[in-house]
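First up is the structure itself, then whatever we jot down about it.
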Amino acid sequence: MKLSRLTATMGAFVVGAVLALTGAGSAQATENSAGPAYVALGDSYSSGVGAGSYDGASGNCKRSTKAYPALWAASHAPSSFNFTACSGAKTGDVLNNQLGPLNSGTGLVSISIGGNDAGFADIMMTCVLQSESTCINAVNSAKNFVQNTLPGKLDQVYNAISAKAPSAHVVVLGYPRFYKLSGSCVVGLSEAERAAINGGADVLNSVTAKRAADHGFSFGDVTATFTGHEICSGSAWLNSVTIPIDESYHPTAAGQSGGYLPVFSSAA
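Numbering-wise (the working numbering), the sequence shown opens with residue 1044 and increments by one.
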């Protein structure tokens, strides 16, 4: 027993010395200390529209250095970081344009998707410009789409992610409620319209969370972190109507860092 222990100890010493001399030990330590290879997919809520500080090379995708994927990558030093989320993206855009960086070595994936499929940008325009009943009908139509059609579209995206990156931990991010009800706003949408829009976000989150869970993915619910920071709260982390118009109803830089980043960090 003692001889075996002595032999094992000497063997370990020799191996350690060889690794130190060749530099292999240092290389392995560096590899082990690196974060996971991270790919950030999705729509404008992941690209960072509304937060400013856009990467000019991203063009109309408007990828922001203040978006939660870029903030997480800056503080966690992943072994690689590919940021393909794009403003206006629908599920089909993710499938066709964003999955290229995924591979068997990908360790972490984030994604927010589904809001554009449901037409929420058009709904907000309808609600701002048209009648209360037209607004609420548009929200109800979107909820029907989310409950009956969107699940299949999400399944296609999630299946493709799993096929290309089978070892990745996937975090699906949801969407905040837009409005604080009985809040500080004295003009604009009616309270009934605001409540309907919030209800639409809740349905979208519920359906997305269920599909994520069924695929073994984590779901990051940002409802709680944005509570108290909705439009009409007096301390909003969401833009209301803005110029340029495409930044309307998107998280500000504070919304990305205070609303999305903590939820993603916890789930990741």
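By construction, the Cβ of each residue, glycine as well, lies at the ideal position given by its N, Cα and C atoms.
These numbers were taken from a predicted model, which means no experiment stands behind them.
- In the same chain as PHE1260, and ignoring 5 residues on each side of it, the C-beta atoms closer than 6 Å to its own belong to VAL1213, VAL1215, in chain order.
- In the DSSP assignment, PRO1112 falls within the alpha helix (DSSP H) that extends over 1111 to 1119.
- Judged by DSSP in its simplified three-state form, PHE1221 adopts coil rather than helix or strand.
- Between CYS1275 and CYS1228, the C-beta spacing is below 8 Å.
- Between the alpha carbons of SER1176 and ASN1183 lies a gap of roughly 10 Å.
- The three-state reading of DSSP puts THR1177 in helix, counting H, G and I together.
- The beta strand (DSSP E) runs lying completely inside the segment 1214 to 1279 and spanning 3 residues or more are 1261 to 1263, given in chain order.
- ASN1159 is classed as buried because its beta carbon has at least 16 other beta carbons within 10 Å across all chains shown.
- In this structure the segment 1181 to 1195 touches the segment 1232 to 1247; the number of beta carbon pairs closer than 8 Å is three or more.
- Taking C-beta separations shorter than 7 Å and ignoring five residues to either side along the sequence, the partners of LYS1196 in its chain run THR1134, ASP1160, following chain order.
- For THR1169, the secondary structure class from DSSP, reduced to helix, strand or coil, is helix.
- Note that the C-beta distance between GLY1095 and ALA1296 is below 8 Å.
- Taking C-beta separations shorter than 6 Å and ignoring five residues to either side along the sequence, the partners of TYR1201 in its chain run HIS1258, following chain order.
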